[in-house]
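Note that the protein sequences, when read in sequence, are chains S and V.
Residue numbering for the first sequence follows my numbering, starting at -15 and increasing by one per position.
Residue numbering for the second sequence follows my numbering, starting at 6 and increasing by one per position.
By construction, the Cβ of each residue, glycine as well, lies at the ideal position given by its N, Cα and C atoms.
Contents: one structure, followed by commentary.
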Amino acid sequence: MSHSGPAGQNPFARLGRLAFLGATLVFVLLPIAWLALGSLKTRNEALALPPKLIFTPDFSAYQKIVAQGFLGAFGNSLTIALSNVVLTLLLGTPAAYALTRIRGKVQDNLSFWVLSIRMAPLFAVILPLYVLFKSIGLLDTRFAVSLAHLTITLPLAVWMLMTYFRSVPEDLDQAAMLDGATHLQILLLVIVPIARPMLASVAIVVFILSWNEFLLAFILTSRGSQTVPVAVASLAGTMSFDWPLIAAVSVCSMIPALLFVGFAQRHIVSGLASGAVK
Amino acid sequence: MVAIRITGVTKSFGEVPVLRGIDLEIGHSEFVVFVGPSGCGKSTLLRVIAGLEQATSGDIHFDDRRITDVAPAKRGVAMVFQSYALYPHMTVAENMTMSLRLAGVPKPERRRRAEEVAKMLQLTPLLDRKPAALSGGQRQRVAIGRAIVRQPDVFLFDEPLSNLDAALRVETRVGITKLHRTLGNTMIYVTHDQVEAMTMADRIVILDQGRVAQVGTPLELYRRPANAFVAGFLGSPKMNFIKADEISRSGSSIRLKLASGSDIEVNAAATDKVALFGIRPEHLTVANEGPIAGTVAAVEHLGSETLIYVETSADTLIVKAGENATTQPGDRVNLRPEPNAIHLFAADGRSVAGAPNH
């Protein structure tokens, strides 16, 4: 972008860089473009080879999303993902803070255990989770999926936040302690405001993980609280393979994630902690 | 304004002892400086007084109140950190009045107090800025302001000047001394810089390996160091030490054989056997005749004074001479110690000679 720098001085390096960026863009954007185009075609057109580039757009797939009750799946996904973000941050922030600030053998081991949960393959916990949720009558509820997603997102969030909290100088905690703050006040008034960019990053990662998660949602739901990925998969499983509808649902499923990322990204500003020390 | 009494305080981190039994009394409104080499325990002692570290054993009293187990915020102390530790997301005014906010003081009153202190520290135009928009010296003043707003009984400073450049350090040093005169609080100041210690302190506490090496006024410590450690720590350049053996002793005079090869007669009423001879660079003169012979290795002209490094058969000695010293490297010279300024130490480092009087 800039006119200075090594790329600006050497036209070949600049050309090479552009070529590389172009190739990457093709890889990233082509599938999405194909998906978007596919959602606007009829079923025959969508599967035609070579693909037709010029055609009359057909919005019937999008009408089917409403007609066939897919909006419910979107509502489920959104509720599950958002509540998962809230739960993860509410539980993960104090946990990560405590694990970085309270020292001892227990804490060292505890922080490892937190991550070790993630080392077990998902398949290992699905069956116990299924039995558990069935016995307490939570099967096929959004709450169950949200709780199940916590097992994935919470350890991740705790680890990301721990890394960040460790970089926040402990002098700040102690200064606040001398100012008369309790542990909770230190966390809420000093640490959380500084950690806002990291909390936003964690929220994004957690939202996307939860939004796109398939396996747990597939096992734990049947009809009432199906999420979008599960709904899409069920489309592909039937005899008739409605490619434009799948494409349309996929396109729509990207929109909330994009909106959420855009919203959360505004909090990711660097240098919030600058000026604290030295 | 409280007096502090520290009795038998020890502190270990796991197996590592950092404080090995500190007994210390600090008077009302006194400015006391803890000084010592890194790792001597001075910061730890300060943090134990602040309550940020729990003493392993021993007691701390503020006047008659035992505060050993009292929470940091309830001790009536305010601390200025080496790193300043300002809240980066708050303005200068918010930083300074955080303690009031936590104590439930209403906002207008908080603002009034912030403005009052800001005026004192020339921070008024900066009250609504955030720390990132301040210079190092300004941040330092905010950190001090935050301590003042709390109106503490005791001010604690943990190497507050070490992040400032030399000129600002001198300026802030003077500022803090002035502040002490204005407020009259008890202040404890930790530094590794002996110049800060000498210039600011009412009394200096020199710490060495978790123990108090000596307590006294700056000049007491400079003139009558209790041991070789204190003698070597205070003074720049540091005191010259030469290993010595007693040859004979008669009344108030001791004859010593110095490791640099010469004999010297010292007038002192030493109590124990002398093993170390000490003389400060400013108390050595280059002369035609003198008991210590050597070759000049280097000469540093500092403007107002000249440092001459003289290699003897034992150690290199430093001589502080006037600005017009004409000695050249390579010259053979004799050094004469000022008789009244000689320090004698026993083998274990204790000072054994009577106080030199100069």
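For V:Ile323, the uninterrupted beta strand (DSSP E) segment begins and ends at 321 to 326. Contact residues of the region 168 to 197 of chain S toward chain V are Gln169, Leu173, Val174, Pro177, Ile178, Arg180 (C-beta to C-beta distance below 9 Å).
As computed with DSSP, V:Tyr194 is found in a beta bridge with V:Val38, V:Phe162. Annotation for S:Val98: Pro139, Val142 place their beta carbon closer than 6 Å to its own, counting only its chain and skipping 5 residues before and after. V:Gln199 is not a Cβ neighbour of V:Phe162, given a cutoff of 8 Å. Shown in chain order are the members of the region 136 to 163 of chain S whose Cβ falls below 8 Å from a Cβ of chain V: Pro153, Asp155, Leu156, Gln158, Ala159, Ala160, Met161, Leu162, Asp163. Excluding five sequence positions before and after S:Ser237, the CB atoms of its chain that fall closer than 6 Å to its own CB belong to Val212, given in chain order.
Pairing S:Leu156 with S:Trp195, the inter-Cα distance amounts to about 36 Å. Here V:Leu349 carries a strand assignment [DSSP, helix/strand/coil]. Comparing alpha carbon positions, the residue from S:Thr135, S:Ser206, S:Ala30, S:Arg87 closest to S:Pro112 is S:Thr135.
Contact with chain S is absent for V:Met192, since none of that chain's Cβ atoms lies less than 8 Å from the residue's Cβ.
Using a Cβ-Cβ cut-off of 9 Å, S:Ala165 is close to Ala78, Met103, Ser104, Leu107 of chain V, given in chain order.
Using a CB distance cut-off of 8 Å, V:Leu57 counts as an interface residue toward chain S. For the set S:Asn68, S:Val129, S:Ala80, the Cα lying nearest the Cα of S:Leu116 is the one of S:Val129. By the criterion of at least three beta-carbon pairs nearer than 8 Å, the region 58 to 71 of chain V is not in contact with the region 92 to 111 of chain V. At a cut-off of 8 Å between beta carbons, V:His197 makes no contact with chain S. Across the structure, V:Val271 and V:Ala358 are spaced so that their CA atoms are roughly 10 Å apart. The three-state secondary structure of V:Lys248, taken from DSSP, is strand. Restricting attention to S:Thr77, S:Ile101, S:Thr40, the CA atom closest to the CA of S:Arg150 is found in S:Thr77. Interface flag for V:Ala83 against chain S is set, since a Cβ pair is found closer than 8 Å. The DSSP-derived three-state label of V:Asp68 is coil.
Fully enclosed alpha helix (DSSP H) runs of no fewer than 4 residues occupy 199 to 204 of the region 190 to 220 of chain S, in order along the chain. Note: V:Pro342 is bridge-paired with V:Leu289 in the DSSP secondary-structure output. Judged by DSSP secondary structure, S:Asn28 falls outside any beta strand (DSSP E) and instead within the alpha helix (DSSP H) spanning 27 to 31.
DSSP, reduced to helix, strand and coil, places S:Val50 within a helical segment of the structure shown.
Residue-level contact check: V:Tyr314 does not touch chain S, since none of the beta carbons of chain S fall below 8 Å from its beta carbon. Nearest CB-CB separation between V:His33 and chain S: not below the 8 Å threshold. V:Val82 is a Cβ neighbour of S:Leu162, given a cutoff of 8 Å. Secondary structure at V:Arg116: helix, using DSSP grouped into helix, strand and coil.
Nearest to V:Thr311 by C-alpha distance, out of V:Ser318, V:Pro242, V:Ala275, is V:Pro242. Exposure of S:Ile120 is indicated by the presence of fewer than 16 other C-beta atoms within 10 angstroms of its C-beta. Spanning the alpha carbons of S:Ile239 and S:Phe191 requires a straight line of approximately 13 Å.
Counting of Cβ neighbours within 10 angstroms places S:Phe(-4) among the exposed residues, the total staying below 16. Under the 10 Å beta carbon count, V:Leu57 is surrounded by 16 or more other beta carbons and is classified as buried. In this structure, S:Ala132 places its C-beta atom within 8 Å of the C-beta atom of S:Leu200.
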